[in-house]
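Enquirer:
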Amino acid sequence: MKRAQIAGLTAEEATELQTLQKDLSDVLVAWYDRHHRELPWRVSPAAARKGVKPDTYRVWLSEVMLQQTTVQAVKAYFEKFTALWPTVNDLAAAPVEDVMKAWAGLGYYARARNLKKCAEAVASDHGGVFPDTVEGLRALPGVGDYTSAAIAAIAFDRPAAVMDGNVERVISRLYTIGEPLPGSKPQMKMRVVELTPSDRPGDFAQAMMDLGATICTPKRPACVLCPLTDDCQALKEGEPELYPVKATKKARPVRVGSAFVAINGKGEVLLRTRPPEGLLGGMAEVPGSRWTAREDGATDLSAAPFPADWRPAGVVTHVFTHFELRLTVHVAETEGKAVDHGFWRKIENLDREALPTVMKKAIEAAIPGAF
DNA sequence: AAGACGTGGAA
DNA sequence: TTTCCAAGTCT
């Protein structure tokens with residue numbers, strides 16, 4: 000049946016190609032058996048041999064956290080989440096505010112909102128059990144092409160073609176794909192489909208990703224340690240780091256804005272909640288102006304939550320994915336009367352709030368030592 | 001379908 | 001300092 004996927008070849012050629020591909024995946028999985036990383040959410044091949052099964056909840060949680068995020072950054076959050084909410088039903092039952100607070104600092108906050116929605120969907124629509132097919136998983140919030148295939152392969156041992164940034168790098172080098180990303184994704188996906196074995200597809204997927212993360216790295220790949228050197232066309236060319244070719248990205252514009260840190264007599268800071276959608280959606284912030292492309296330098300005191308002796312407390316620079324923000328921070332002491340919008344929080348308790356990093360920077364500028 | 005969407009670490 | 005980028009998804 001696999002042969003049918005390889006069009007345009009005679010039966011003999013297809014058989015020969017399949018043999019080569021079997022060798023490649025076998026060699027890679029054998030490398031994985033010896034050199035895989037030990038990760039908190041991973042069942043090692045040795046443990047799997049003893050009958051340990053992956054916990055789909057942990058596989059899913061780790062995959063969502065790892066989207067565009069480093070393993071190093073994810074580890075602490077994964078431990079926190081699994082301690083707070085050991086099962087998908089626990090997460091589904093949790094207040095979304097608590098989930099946002101626990102996610103604060105990890106970035107891409109739509110992931111946290113979708114994580115909560117997904118847990119609720121699994122709990123209420125699937126009896127607390129994750130779907131075990133790519134299609135079923137793909138229908139869940141926050142689960143796209145990559146994550147659905149990864150969960151199907153890793154948690155359910157299905158031969159799904161898993162392609163993330165690591166796999167794209169490995170594939171583009173193996174086959175010297177000259178077309179730039181993301182246009183080259185379809186042809187790379189075809190290669191992954193060809194390569195994915197029916198035996199141990201989950202370990203094959205993790206092996207591809209571990210290889211990309213530890214050996215076949217973006218810069219200075221450690222080809223002398225690579226198990227696939229015999230198959231790598233980019234190595235034969237001599238400069239594997241030239242792959243993958245990527246489309247040129249545009250410059251990052253600058254936006255400016257003002258932020259106001261109000262401190263009352265009880266040592267509390269005024270916060271408010273951002274709108275549920277869009278940038279930093281649902282997260283906490285200090286009051287401030289809109290962030291605009293204009294660089295007129297004039298502080299917009301009309302954006303302050305109330306009139307006060309607002310004193311400058313510095314300019315905070317924060318780099319988002321698609322723009323750079325320069326936030327002029329102001330600070331003032333106040334009576335701490337009731338305000339229309341927002342809520343007061345003790346400075347020493349601010350680390351319990353759903354504050355994104357940019358807001359922690361702004362508060363830290365106004366109140367050195369707050370964090 | 002191209003842009004929105006965070007953050008911190010490495011070179 | 002600047003650039004790149006790390007297990008992508010949604011609209």
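For the first sequence, the positions run 0 to 370 when numbering that gives the first Met the number 0 is used. Glycine residues also receive a C-beta, built at the ideal position from the N, C-alpha and C atoms.
(1) Using only the alpha-carbon positions, how far apart do Pro-355 and Gly-104 sit?
(2) Buried or exposed, going by whether 16 or more other CB atoms sit within 10 Å of the CB of Val-133?
(3) On the DSSP bridge assignment, give the partners of Pro-311 in chain order.
(4) When the Cβ atoms of the stretch 53 to 62 are set against those of the stretch 153 to 171, are three or more pairs found closer than 8 angstroms?
(5) Considering just the uninterrupted stretch of the beta strand (DSSP E) at Lys-345, what are its terminal residues?
(6) In whole angstroms, what is the alpha-carbon distance linking Arg-293 and Val-255?
(7) Can you find the residues in the same chain that come closer than 6 angstroms, C-beta to C-beta, to Val-314, ignoring five residues on each side of it along the sequence?
(8) Measuring CA to CA, which of Pro-44, Lys-52 and Asp-22 is closest to Tyr-31?
(9) In the DSSP output, which residue or residues are listed as bridge partners for Asn-263?
(10) I need the straight-line Cα distance from Ile-5 to Val-191, nearest angstrom please.
(11) For Gln-205, count the other beta carbons within 10 Å of its own beta carbon; 16 or more makes it buried, fewer makes it exposed. Which is it?
(12) DSSP puts Leu-180 in a beta bridge; with which residues?
(13) Taking buried to mean at least 16 other C-beta atoms within 10 Å of its own C-beta, is Glu-238 buried or exposed?
(14) Could you check which residue in Ser-288, Ala-303, Leu-279 and Gly-341 has the C-alpha nearest to that of Glu-267?
(15) Identify the continuous alpha helix (DSSP H) that holds Met-282 and give its terminal residues.
(16) Lys-245 and Pro-179 look like a contact to me (Cβ under 8 angstroms); what is the Cβ gap, rounded to whole Å?
(17) Taking the continuous alpha helix (DSSP H) assigned at Met-359, which residues delimit it?
(18) Taking a contact to mean a Cβ-Cβ separation below 7 angstroms, would you say Val-169 touches Ala-148 in this structure?
(19) Check this for me: beta carbons of Ala-417 and Thr-333, under 7 angstroms apart or not?
(20) Would you kindly work out how many angstroms separate the C-alpha atoms of Gln-66 and Leu-227, rounded to a whole number?
(21) When you compare only the Cα positions, how much space is there between Gln-232 and Arg-112?
(22) Considering Lys-218, what are the terminal residues of the alpha helix (DSSP H) in which it resides?
Expert: If we stick to the structure as given:
(1) Here residue 355 is taken as the residue at index 356 of the first sequence, counted from 1. Here residue 104 is taken as the residue at index 105 of the first sequence, counted from 1. Straight-line Cα distance between these residues: approximately 5 angstroms.
(2) Residue numbering aside, residue 133 sits at position 134 when the first sequence is read from its first letter. Per the 10 Å Cβ criterion, buried.
(3) Here residue 311 is taken as the residue at index 312 of the first sequence, counted from 1. Its beta-bridge partners are His-329.
(4) yes
(5) Indexing the first sequence from 1 puts residue 345 at position 346. Lys-345 -> beta strand (DSSP E) spans 342 to 345.
(6) Taking the first sequence and counting its residues from 1, the one referred to as residue 293 is at position 294. Taking the first sequence and counting its residues from 1, the one referred to as residue 255 is at position 256. Going by the C-alpha atoms only, they are around 7 angstroms apart.
(7) Residue numbering aside, residue 314 sits at position 315 when the first sequence is read from its first letter. Contacts found: Arg-325 and Thr-327.
(8) As a working mapping, residue 31 is identified with position 32 in the first sequence. Of the listed residues, the one whose Cα sits closest to Tyr-31 is Pro-44.
(9) Reading the first sequence from its first residue, position 264 is the one you call residue 263. Asn-263 pairs with Thr-333.
(10) Mapped onto the first sequence, residue 5 falls at position 6. Mapped onto the first sequence, residue 191 falls at position 192. Caution is warranted here: a pLDDT of 44 is assigned to Ile-5, below 50, making its placement in the model unreliable, and the coordinate value is therefore given only provisionally. Straight-line Cα distance between these residues: approximately 12 angstroms.
(11) For the purposes of this step, residue 205 is identified with residue 206 of the first sequence, where counting begins at 1. Its Cβ being crowded by 16 or more others within 10 Å, Gln-205 is buried.
(12) For the purposes of this step, residue 180 is taken as the residue at position 181 of the first sequence. For Leu-180, which the question treats as bridged, DSSP gives the partners Lys-245.
(13) Position 239 of the first sequence, counted from the first residue, corresponds to residue 238. Its Cβ having fewer than 16 others within 10 Å, Glu-238 is exposed.
(14) Start at 1 with the first residue of the first sequence, and residue 267 comes out as number 268. For the residues Ser-288, Ala-303, Leu-279 and Gly-341, the minimum Cα distance to Glu-267 belongs to Gly-341.
(15) As a working mapping, residue 282 is identified with position 283 in the first sequence. Run containing Met-282: none; DSSP gives neither H nor E here.
(16) Locating residue 245 in the first sequence gives position 246, where the first residue counts as 1. Locating residue 179 in the first sequence gives position 180, where the first residue counts as 1. Yes, they are in contact, since the Cβ atoms of Lys-245 and Pro-179 sit about 6 angstroms apart, within 8 angstroms.
(17) As a first step, residue 359 is located in the first sequence; it is residue number 360 there, counting from the start. According to the sequence shown, residue 359 is Lys rather than Met. Note, Lys-359: alpha helix (DSSP H), 356 to 365.
(18) Within the first sequence, the letter at position 170 stands for residue 169. Within the first sequence, the letter at position 149 stands for residue 148. Going by C-beta atoms, Val-169 is not nearer than 7 angstroms to Ala-148.
(19) There is simply no residue 417 to check, as the chain begins at 0 and stops at 370 in what is shown.
(20) For this step, residue 66 is matched to residue 67 along the first sequence. For this step, residue 227 is matched to residue 228 along the first sequence. Spanning the two alpha carbons is a distance of roughly 26 angstroms.
(21) Within the first sequence, the letter at position 233 stands for residue 232. Within the first sequence, the letter at position 113 stands for residue 112. About 42 angstroms.
(22) Your numbering for residue 218 matches position 219 in the first sequence. Run containing Lys-218: none; DSSP gives neither H nor E here.
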